[in-house]
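Using the working numbering, the letters of the sequence shown map in sequence onto residues 300 to 432. Even glycine gets a Cβ: it sits at the ideal position worked out from N, Cα and C. To start, the structure itself, in structure tokens.
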Amino acid sequence: MEAHRECNKCGEIKPIEDFYKDSKSKGGRRRHCKACSKLTPSKQLKARHEYNLMKKYGLTMEQYNQMLIYCNHKCQICGTTKPGGTSGRFVVDHDHNTNKVRGLLCWRCNCAISHFDEDVKILKKAIDYLAVG
Numbered sequence: 300m301e302a303h304r305e306c307n308k309c310g311e312i313k314p315i316e317d318f319y320k321d322s323k324s325k326g327g328r329r330r331h332c333k334a335c336s337k338l339t340p341s342k343q344l345k346a347r348h349e350y351n352l353m354k355k356y357g358l359t360m361e362q363y364n365q366m367l368i369y370c371n372h373k374c375q376i377c378g379t380t381k382p383g384g385t386s387g388r389f390v391v392d393h394d395h396n397t398n399k400v401r402g403l404l405c406w407r408c409n410c411a412i413s414h415f416d417e418d419v420k421i422l423k424k425a426i427d428y429l430a431v432g
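What follows is the structure in structure tokens.
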């Protein structure tokens, strides 16, 4: 029997007693801790966002907010103030090879550079293609 478990909402490793019993769940306990169970949905999203920022990019919420101020709450490519996507937040853009954070983008611009495999040569060809038309 496991003594500790990682909460799938806050990401903290806690004693098994900090998880409600649930006969339908794996291991007989819920996957999220009692503290996260008591959070309102909006607070759960905020906690998850903070957890993901740290886990994926090594950023605190304060650093993310500083980045927002730096870019004037606008996408660093198209300049929109509307982030789009399901979260309603600007996306942390990073180099997938080095994991270095580049900045904040709207969902559409982040997807666009992703679809071009973050390849400058392909993006330049796309620009040339659009310029001809």
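The alpha helix (DSSP H) enclosing Arg-401, as first and last residue numbers: Counting from one through the sequence shown, the residue named residue 401 turns up at place 102. Counting along the chain, Arg-401 falls outside any alpha helix (DSSP H), though it belongs to the beta strand (DSSP E) covering 400-404.
Range of the contiguous beta strand (DSSP E) that encloses Ile-312: Position 13 of the sequence shown, counted from the start, is the residue given in the question as residue 312. Looking at the DSSP string, the run of the beta strand (DSSP E) that includes Ile-312 is 312-314.
Cβ-Cβ distance between Arg-329 and Asp-321 below 8 Å: Against the sequence shown, residue 329 aligns to sequence position 30. Against the sequence shown, residue 321 aligns to sequence position 22. In this structure, Asp-321 lies closer than 8 Å to Arg-329 by Cβ.
Alpha helix (DSSP H) segments (min. 4 residues) lying fully within the stretch 301-342: Here the runs fully enclosed are 333-336.
Through-space distance from Pro-314 to Leu-358, alpha-carbon basis: Taking the sequence shown and counting its residues from 1, one reaches residue 358 at position 59. Taking the sequence shown and counting its residues from 1, one reaches residue 314 at position 15. If you take the alpha carbons of Leu-358 and Pro-314, they lie about 26 Å apart.
Assumed close pair Asn-409, Asp-392 - CB separation to whole angstroms, cut-off 8 Å: Here residue 409 refers to the residue found at position 110 when the sequence shown is read from its first residue. Here residue 392 refers to the residue found at position 93 when the sequence shown is read from its first residue. Asn-409 to Asp-392, Cβ: 6 Å. Contact.
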